[in-house]
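Down below is the structure, laid out as structure tokens.
There are 2 protein chains.
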Amino acid sequence: MTQDPLVIFTPSGKRGRFPAGTPVLTAARQLGVDLDSVCGGRGICSKCQITPSYGEFPKHGVTVRDDALSEWNAVEARYDEKRGLAEGRRLGCQATLQHDVVIDVPPESQVHRQVVRKAASTRAMVMDPATKLYFIEVPEPDMDEPRGDLERLQEALAKDWGIGALDAPLPLLRKLQPTLRKGGWQVTVALHKDHRDSAHRLIDLWPGYHEGRLYGLAIDLGSTTIAAHLTDLRNGEVLASAGLMNPQIRFGEDLMSRVSYAMMNPGGDLEMTRAVREALNQLAGDLARDGGIEPEQIVEAVFVCNPVMHHLLLGIDPVELGQAPFALATSDVLTLGAADLDLTAANGAARVYILPCIAGHVGADAAAVALSEAPETSEDLALIVDVGTNAEILLGDRARVLACSSPTGPAFEGAQISSGQRAAPGAIERVEIDPVTKEPRFRVIGSDLWSDDPGFSEATATTGITGICGSGIIEAVAEMRLAGLMDASGLIGSAEQTGTRRAIPEGRTHAYLLHDGTADGGPRILVTQGDIRAIQLAKSALYAGARLLMDERGVDKVDRVVLAGAFGAHISPKHAMVLGMIPDAPLDKVTSAGNAAGTGARMALCSVEARARIEENVGRITKIETAIEPRFQEHFVNANAIPHATDPFPHLPDLPDVSFNTGGAAEGGGRRRRRRA
Amino acid sequence: MTQDPLVIFTPSGKRGRFPAGTPVLTAARQLGVDLDSVCGGRGICSKCQITPSYGEFPKHGVTVRDDALSEWNAVEARYDEKRGLAEGRRLGCQATLQHDVVIDVPPESQVHRQVVRKAASTRAMVMDPATKLYFIEVPEPDMDEPRGDLERLQEALAKDWGIGALDAPLPLLRKLQPTLRKGGWQVTVALHKDHRDSAHRLIDLWPGYHEGRLYGLAIDLGSTTIAAHLTDLRNGEVLASAGLMNPQIRFGEDLMSRVSYAMMNPGGDLEMTRAVREALNQLAGDLARDGGIEPEQIVEAVFVCNPVMHHLLLGIDPVELGQAPFALATSDVLTLGAADLDLTAANGAARVYILPCIAGHVGADAAAVALSEAPETSEDLALIVDVGTNAEILLGDRARVLACSSPTGPAFEGAQISSGQRAAPGAIERVEIDPVTKEPRFRVIGSDLWSDDPGFSEATATTGITGICGSGIIEAVAEMRLAGLMDASGLIGSAEQTGTRRAIPEGRTHAYLLHDGTADGGPRILVTQGDIRAIQLAKSALYAGARLLMDERGVDKVDRVVLAGAFGAHISPKHAMVLGMIPDAPLDKVTSAGNAAGTGARMALCSVEARARIEENVGRITKIETAIEPRFQEHFVNANAIPHATDPFPHLPDLPDVSFNTGGAAEGGGRRRRRRA
């Protein structure tokens, strides 16, 4: 008696014997091999393509004959004719096992494949989305078995896909009967179920086999900017990204001023809720247009945001977040319908997932950074800083992860800066100042040339030079300190003190003239004493938060620093450390994670497993409340100077020993002397 | 060593030993004794009142000492002082076990008690509602454990009430924080969970202990009338009832004409959906006003309706219900939010339960009748007829239940009748005609007097005599046949043929003058030949449906007949049988169930268990489709005569052997001769 054919799947290595004539897809399913299929084996979707291998496989101990699989059949021939089947490929639902065979499942035929995104972040996305397409054939109605169309659809889903309970919103029930009849009782349904749901939910349906793609929005809802990525739910690719100023800025630039607005103005919280929801609709509409898709194809949205943005998005008055004990209305994950958030520029049945908040001041954005950067898996002690209007700070390794947030204010985003602007073409983003001549050179967003390169004027003619963005102001201030234009207390010296006419009087203080575009009708771009103070406040808050976590952990240095945030990618590690934004570390151990919160949002959008992981991890993160911690104030005050009054930065070169304080006693000079504490 | 005290609860008989000092409520819960509590044992709600018994109980084998329970405590004293505690009563959460004791749980302290309603139906309602109140104390927020208020609420519910997952709609999340703080971290929540839900759902919340009542609407959404009962979810009492004409009537009087309207007019189905939803809001608002409650206290609604009304309520085009195979979009139970149906005159978080449809022509109204009348528990074979614009017919016993519906049209509701009107004050509802003088006497709704009683004119002066309602026309037609004013074919005789001047010419036929109010400025109320034809069509359809079920069951008689429906209570069994509306049965075996569909709706509103029961039973009912069954036509034709051409009615007296057919051969005479088949 001959044995049943043996099938070995690669790369999984799963193997088993099946009766001759078993379709490859059936064998894969029974072995738990990850082989995709939308049509359930009907030869329609072509997602189950496989590559059989022939010949000797000593490693597997098999010889694969040329006739190991059934012959190419009519369905495969038709598919090849209409859409082309790559050389050596077969359809797993059509090819049947005849003899022992080794079968490779190519990456594009795996459901839970890792996809390397092409955009900024090269992070591999694991695809395991909550919303997927299923093609099914529904039995026709029968007067002797008078169940409804929905009930017969459910039975077909149970039989073909093992799907249990199904919730169907009324608007889709309205679509159900005409769709089934139009498709001749064949239908493609989009169903949603994440790890928290007990039932699948019908999201949309189309007659017959539907080729369309499903998309999700990964939204990083910041105090100052809202960034969103339109993401293909099949492969995680970002089809389009867009950003928008948060229109709530007109009610207050930072979180606490928005909370105050809500407290002082009855109904003010709802005004802010309306404003942000309108902006989200605009953003979703823009992205659909940019991506060339219909808004109805947007079937999911994932939000990450700080607790105040979180509550205002949800229509919850954030007043409790403005005072101790900073009680959240809800800290857990929320799953909602798009309609709950008035999100009309999406499928009416779209689902919304909002990451959990870690604490009253540590929000879903921090949770998203934790998901993206996974400090809980780090061998060495990592400090992860997500720089924004509010900084989210994580410190941890395999042993323990701590988190806090720190109210840096919007200076790092170019706001409250005299020539500040958001990062957009025309904004100065990189600055160098010659320590001898005190002359600057810079780059603006939109051109790779430095301002002293030939052709710079031509390259920037269309955008102009309009202002200075967050990364630009950090570099400018750090360079001013390195060039001796500013002393350790942050005072800008006069022309006499610094020896450059770029140091110009401004009221009772001085400013440094970075660029004068007035000859061409452009602006004068200055770094004023006020700008320096704003950056000092911001960087002190950021540093104090990090230092507080280090105290809690009982360390005075970290192994590595990860800069994250919308403009984290653009901050130069050297300049960040000159400013004292971050604790001392070897410069090659300061890396950028890009927009980690946005990446975390995309991960949660693409993977149900990622959602489960962050929900579990968030419960294990130790939260530190900066607002009521006396040591925070202490660290904050000590971090005001450049470099700090107390903390050493062995990895930095010495900074010029200058002092421009004209009144009273000179405040100590260089770093060596200052280290008095 | 002495044993722990023994406690015996009556009426349940449950018993157990508990350590001395155990509160009675705790013992009851551990034994699974049905003892109510809203406050969870905090001595606030007083729902857990019990009555201890003292002395010798040979039946239970115990002697109960006077000190079997702890002494009256301060909480009980305060409650007694403020609100009065009946003699012999204790609060189960305060009184603790000291020695062996027998404790009676009075009916009002039982959650799942049977309540005998005071209104029309004397049916006992089992109370087991899906929405209940819970009082809890929520831990205050703690910065070291920064979970949200909702999460701490959930933990308190889990701890005190064993409640698991909780869904909270956004508008209630908005209310949560101020409510908790206003109540000093004490809160009363209304939670909903029926047998199909995996989680409880937050419906409303109030600071501190909330005394308010929760209400539900039981709605019988008929083709012609919408009836609703505002029901107390604590005891099942109907606080107010109201009815309204279904405004969809302007789109078509019967079901098929509304389906046609939807087919002929794009968007016509949505017009009808809007119309009925507006009417429901009006009805809910009226009931809240009548009952003296706030609309927010309406937290549930249960709907029963036929399939076309069902689909139009849900916003689903009923077109498929107009043609074979009469496919429902969905046949299963639906649980929705009030907002899904635009039901704004209720709590925003109110839940809606819609009974399942049995088949494309046999709706949730038939399911409600089945729930109310429970034919599946009947020892003898019962025919249950719910008379309306569409008749729902059930035939069954313990062995098997069959169901169909029959398109009787609106004649039985007074529509399509020349002097017809809905049942309202001024409508003739009872008719007798003297077989000798051919003179009528009648009663009108709003007075108990007959028209030949002294004082009748005065009694009806305010309402007038305005028309004839459904039960009135049935009696009038049957009496006309009994008095020899009409022959077996339904022809009304002339004055010469009948010997009364009340038989007056009307066109080429005759009419019977029931009442002439013209002298007082009122209407002439006639029964015309057209009215007779309308009633003949309606009664033939009704009878043919019943006969079809009897054929299916293989019987030619039934043991008993139950008349249900909005006016089922008012139909006289004798007249119904004279007309041949129902099959022959002993007159004392023809009973009225009142508005059985409405009763079924109330049962589902009051009891989760009733919902589970009907869902299970509906799956077991055999559905018969009248529209495509050739025997239906045959029965319909044979049932046109009065009495029928074929079926015998041994329980009826002989009917006059008259014939008024003036053209062609006389159609046989009396009944004996007619029985030629």
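Those protein sequence lines, which keep their order, are chains A and B. The number in the working numbering is simply the position in the first sequence, starting from 1, with 34 added. The number in the working numbering is simply the position in the second sequence, starting from 1, with 34 added. Each residue gets a CB set at the ideal place from its N, CA and C atoms; glycine is no exception.
From residue i to residue j, what distance separates their C-alpha atoms?
i	j	result
A:G89	A:V96	8 Å
B:A574	B:R536	According to the sequence shown, residue 574 of chain B is Ser rather than Ala. Their Cα atoms are separated by approximately 27 Å.
A:D100	A:D194	32 Å
B:W219	A:C438	27 Å
B:G182	A:T364	4 Å
B:E245	B:S232	28 Å
B:S491	B:A445	28 Å
A:P45	A:G126	16 Å
B:H609	B:D288	25 Å
A:T696	A:N299	45 Å
A:N315	B:A358	44 Å
A:D691	A:R542	23 Å
A:G349	B:G634	39 Å
B:S71	B:K116	19 Å
A:H226	B:P203	19 Å
B:V470	B:A517	7 Å
A:V671	A:V592	21 Å
Should residue i and residue j be called a contact, given that it needs their Cβ atoms to be closer than 8 Å?
i	j	result
A:R647	A:D585	no
B:L519	B:I508	no
A:G318	A:L236	According to the sequence displayed, residue 318 of chain A carries Ala and not Gly. No, the pair does not count as a contact, with Cβ atoms beyond the cut-off.
B:L639	B:V336	yes
B:R456	B:G443	no
B:N381	B:D554	no
B:P53	B:D38	yes
A:P407	A:I418	Sequence check: residue 407 of chain A is Glu here, not Pro. In this structure, A:I418 lies closer than 8 Å to A:E407 by Cβ.
B:G498	B:A461	no
A:V223	A:L415	no
Looking at residue i and the ligand PLP, is the gap between the Cβ and the nearest heavy atom below 7 Å?
i	result
B:T625	You won't find the ligand PLP in this model; it holds no ligand whatsoever.
Residue i: which of the options sits nearest, CA to CA?
i	options	result
B:F476	B:V470, B:P469, B:D487	B:D487
A:A679	A:E659, A:Y577, A:I658	A:Y577
B:G159	B:A61, B:P180, B:D266, B:S87	It should be pointed out that residue 159 of chain B corresponds to Met in this sequence rather than to Gly. Here the closest residue by C-alpha is B:D266.
B:D468	B:Q83, B:P180, B:Y295, B:M514	B:M514
B:Q188	B:V221, B:H669, B:G217	B:V221
A:I566	A:G325, A:L483, A:N674	A:N674
A:P352	A:A401, A:T471, A:A296	A:A296
A:N340	A:T562, A:N424, A:F670	A:N424
B:I170	B:M161, B:D176, B:R186, B:T130	B:R186
Would you kindly report the start and end of the unbroken beta strand (DSSP E) that includes residue i?
i	result
A:I84	83 to 87
B:A252	249 to 255
B:R475	474 to 478
A:K193	That residue, A:K193, is in no beta strand (DSSP E); its alpha helix (DSSP H) goes 183 to 195.
A:I715	Nothing about residue 715 of chain A can be read from this structure; chain A reaches only from 35 to 711.
What residue does the alpha helix (DSSP H) around residue i start on, and which one ends it?
i	result
B:R567	563 to 587
B:Y243	First-last for B:Y243: undefined, no H or E at that position.
Please confirm whether residue i has its beta-carbon closer than 8 Å to some beta-carbon of chain C.
i	result
A:D585	Given the protein chain composition of this structure (A and B), no chain C is represented.
TODO: Determine contact between the stretch 197 to 212 of chain B and the stretch 588 to 604 of chain B, defined as no fewer than three beta-carbon pairs at a distance below 8 Å.
DONE: Short answer: they don't touch.
- [ ] Mind the definition here: the stretch 644 to 659 of chain B touches the stretch 391 to 398 of chain B only if three or more C-beta pairs lie below 8 Å; say whether that holds.
- [x] yes
- [ ] Say whether the stretch 260 to 275 of chain A touches the stretch 626 to 640 of chain A, bearing in mind that this needs 3 or more beta-carbon pairs closer than 8 Å, one atom from each stretch.
- [x] yes
Task: At least 3 beta-carbon pairs within less than 8 Å: the stretch 222 to 231 of chain B vs the stretch 249 to 259 of chain B - done: Short answer: they don't touch.
TODO: May I ask you to verify whether the stretch 68 to 84 of chain A touches the stretch 130 to 145 of chain A, counting CB pairs closer than 8 Å and requiring at least 3?
DONE: With a cut-off of 8 Å, the stretch 130 to 145 of chain A and the stretch 68 to 84 of chain A count as touching, because enough Cβ pairs lie within range.
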